[in-house]
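K.L.:
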Amino acid sequence: DAGVTQTPRHEVAEKGQTIILKCEPVSGHNDLFWYRQTKIQGLELLSYFRSKSLMEDGGAFKDRFKAEMLNSSFSTLKIQPTEPKDSAVYLCASRLGGRVTEVFFGKGTRLTVV
Amino acid sequence: SQWGEENLQALSIQEGEDVTMNCSYKTYTTVVHWYRQDSGRGPALIILIRSNEREKRSGRLRATLDTSSQSSSLSITAAQCEDTAVYFCARGWSNTNKVVFGTGTRLQVLP
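Structure, rendered in C-alpha cells:
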C-alpha cells in the first residue's frame with residue numbers, strides 16, 4: 062500500500078534555474094498539500110488542493126512558486142527562478158478529506174540552490 | 485508560522501524522565517493534531533485530540549486541549565531514546581480546511 066511518493070529525493074540547482082518537484086498522493090485522497098520545511102520557519106504551507114482545485118496559494122510564495130494538480134494522482138511544484146534562500150526540504154502530503162483529518166506525508170525533496 | 489506560537493524549541497532530557505511540549509494558537513480550533521518527525525522522513529500523526537475530549541492518551545503519550553486558553557500540550561511519560569524526534573502541533577482552519585503547523589519542538593532523549 063503506497064504512501065505519498067515524492068521525487069526526486071534530492072535536487073541541486075544553480076541560482077536562476079527552474080526546478081520541478083513531483084508528488085503522487087495516497088490513492089483515493091482528495092486533499093493535497095505542499096509544505097516547505099526549514100529549521101527556522103518550520104513547516105510553511107505553500108499550496109493546498111481539494112479535489113484538484115487550488116484552495117490556498119501560499120501568499121508570500123506566489124511569485125516564484127507554482128503548484129499544479131493535473132490529475133488526482135499527480136502534482137508538481139515548480140520554482141522559477143530558484144534562489145539560494147529556497148534551499149529547504151519540500152514536503153508533499155495528502156489527506157482523505159471530509160471528516161478524516163489525518164495528513165500523510167511523503168519523505169520530502171531536499172533542494173539545495175547554489 | 486501562521487499560528488502555533490509553539491516556538492522552535494530544543495529540549496534535551498534523560499531517558500526515563502517525563503516531558504511536556506506546549507502549543508498555543510490565536511483562533512478557536514476544535515481539533516489539534518500532534519505529529520512526530522524522524523530524521524529523513526516526513527511527519528507522521530501520533531495523536532489527534534478534539535475539543536470534546538480535553539485529554540487523550542495513547543501509550544505513553546498524553547495530549548490535552550484547552551479551548552478556553554487556546555492551548556494544547558503533548559506529554560511523554562518515561563521518555564525513551566527512540567522518542568528522539570521533532571514534534572509538531574497542527575490545526576485545521578475551519579473555512580478552508582487547510583492544515584497549518586507550528587514550528588516544532590526538537591526533543592532529544594539521552595541514555
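Each protein sequence line maps, in turn, to chains S and A.
In case it helps, my numbering puts the first sequence at residues 62 to 175.
In case it helps, my numbering puts the second sequence at residues 485 to 595.
The beta-carbon is built from N, C-alpha and C at its ideal position, and this holds for glycine as well.
1) Using CA coordinates, which residue listed in S/V73, S/T79, S/E163 and S/L106 is at the minimum distance from S/G120?
2) Examine chain S for any beta-carbon lying closer than 8 Å to the beta-carbon of A/R525, and answer yes or no.
3) What first and last residue would you give for the beta strand (DSSP E) that runs through S/A128?
4) Rounded to whole angstroms, how far is the Cβ of S/F94 from the Cβ of A/V570, which I believe are closer than 8 Å?
5) Shorter than 8 Å from the beta carbon of A/L558 to some beta carbon of chain S?
6) Name the residues in the stretch 159-174 of chain S whose C-beta lies less than 7 Å from a C-beta of chain A; which are they?
7) Between the stretch 103-132 of chain S and chain A, which residues of the former have CB atoms less than 8 Å from a CB of the latter, in chain order?
8) Along the beta strand (DSSP E) that carries S/I140, what are the first and last residues, could you check?
9) Suppose contacts are defined by Cβ-Cβ distances below 8 Å. Is A/H517 in contact with A/A563 by that definition?
10) DSSP has S/R111 in a bridge; who is on the other side?
11) Of the residues S/Q102, S/V164, S/T99 and S/F135, which one's Cα is nearest the Cα of S/Q81?
12) Report all residues from its chain with a CB closer than 8 Å to the CB of A/L594; omit the five preceding and five following residues, and keep chain order.
13) Quick check: the stretch 67-77 of chain S against the stretch 547-555 of chain A, are at least 3 beta-carbon pairs closer than 8 Å?
14) With a cut-off of 8 Å, does the C-beta of S/F135 fall near any C-beta of chain A?
15) Which chain A residues sit within Cβ distance under 7 Å of S/L152?
16) S/D147 to S/V174, Cα distance in whole Å?
17) What residues from chain S crowd round A/K582, counting only those whose CB sits closer than 7 Å?
18) Measuring straight from C-alpha to C-alpha, what distance separates S/R111 and S/K168?
19) Using only alpha-carbon positions, find the residue among S/G103, S/A149 and S/S155 that is nearest to S/S176.
P.N.:
Result, derived from the coordinates:
1) Working through the first sequence from its first residue, we reach residue 120 of chain S at position 59. Among S/V73, S/T79, S/E163 and S/L106, the Cα nearest to that of S/G120 belongs to S/L106.
2) Counting from one through the second sequence, the residue named residue 525 of chain A turns up at place 41. Interface residue, yes.
3) As a working note, residue 128 of chain S is residue 67 in the first sequence. Start and end: F126 to N132.
4) The sequence position of residue 94 of chain S within the first sequence is 33, counting from 1. The sequence position of residue 570 of chain A within the second sequence is 86, counting from 1. Not really, about 18 Å apart at Cβ, beyond 8 Å.
5) Along the second sequence, read from residue 1 onward, the residue named residue 558 of chain A stands at position 74. Not closer than 8 Å to any Cβ of chain S, the Cβ of A/L558 fails to qualify, so no.
6) Along the stretch 159-174 of chain S, the positions whose C-beta sits under 7 Å from a C-beta of chain A are T162, E163, V164, F166, G167, K168 and G169, read in chain order.
7) If the cut-off is 8 Å between Cβ atoms, the stretch 103-132 of chain S has G103, L104, E105, L106, Y109, R111, M116 and E117 near chain A.
8) Residue 140 of chain S sits at position 79 when you count from the first residue of the first sequence. Unbroken beta strand (DSSP E) run through S/I140: F135 to I140.
9) Residue 517 of chain A sits at position 33 when you count from the first residue of the second sequence. Residue 563 of chain A sits at position 79 when you count from the first residue of the second sequence. No, Cβ-Cβ distance for A/H517 and A/A563 is not below 8 Å.
10) In the first sequence, counting from the first residue as 1, residue 111 of chain S sits at position 50. Partner(s): S/D92 and S/S114.
11) Numbered from its first residue, the first sequence carries residue 81 of chain S at position 20. The residue you asked about is not Gln; residue 81 of chain S is Ile in the sequence shown. Scanning S/Q102, S/V164, S/T99 and S/F135 for the CA closest to the CA of S/I81 turns up S/F135.
12) Working through the second sequence from its first residue, we reach residue 594 of chain A at position 110. Excluding positions up to five away in sequence, the list reads S496, I497, Q498, E499 and C565.
13) By the Cβ criterion, the stretch 547-555 of chain A is not in contact with the stretch 67-77 of chain S, since fewer than three pairs of Cβ atoms, one from each stretch, lie closer than 8 Å.
14) Within the first sequence, the letter at position 74 stands for residue 135 of chain S. No - not a single Cβ of chain A is within 8 Å of the one on S/F135.
15) As a working note, residue 152 of chain S is residue 91 in the first sequence. S/L152 reaches chain A at G526, counting residues in chain order whose Cβ is nearer than 7 Å.
16) One-based indexing of the first sequence puts residue 147 of chain S at position 86. One-based indexing of the first sequence puts residue 174 of chain S at position 113. Looking at the two C-alpha atoms, the distance is approximately 7 Å.
17) Working through the second sequence from its first residue, we reach residue 582 of chain A at position 98. Within 7 Å Cβ-Cβ: L106, Y109, M116 and E117.
18) Translated into positions along the first sequence, residue 111 of chain S becomes position 50. Translated into positions along the first sequence, residue 168 of chain S becomes position 107. Taking the straight line joining both Cα atoms gives about 21 Å.
19) The structure shown does not extend to residue 176 of chain S, since chain S is modelled only from 62 through 175, so no value can be given for it.
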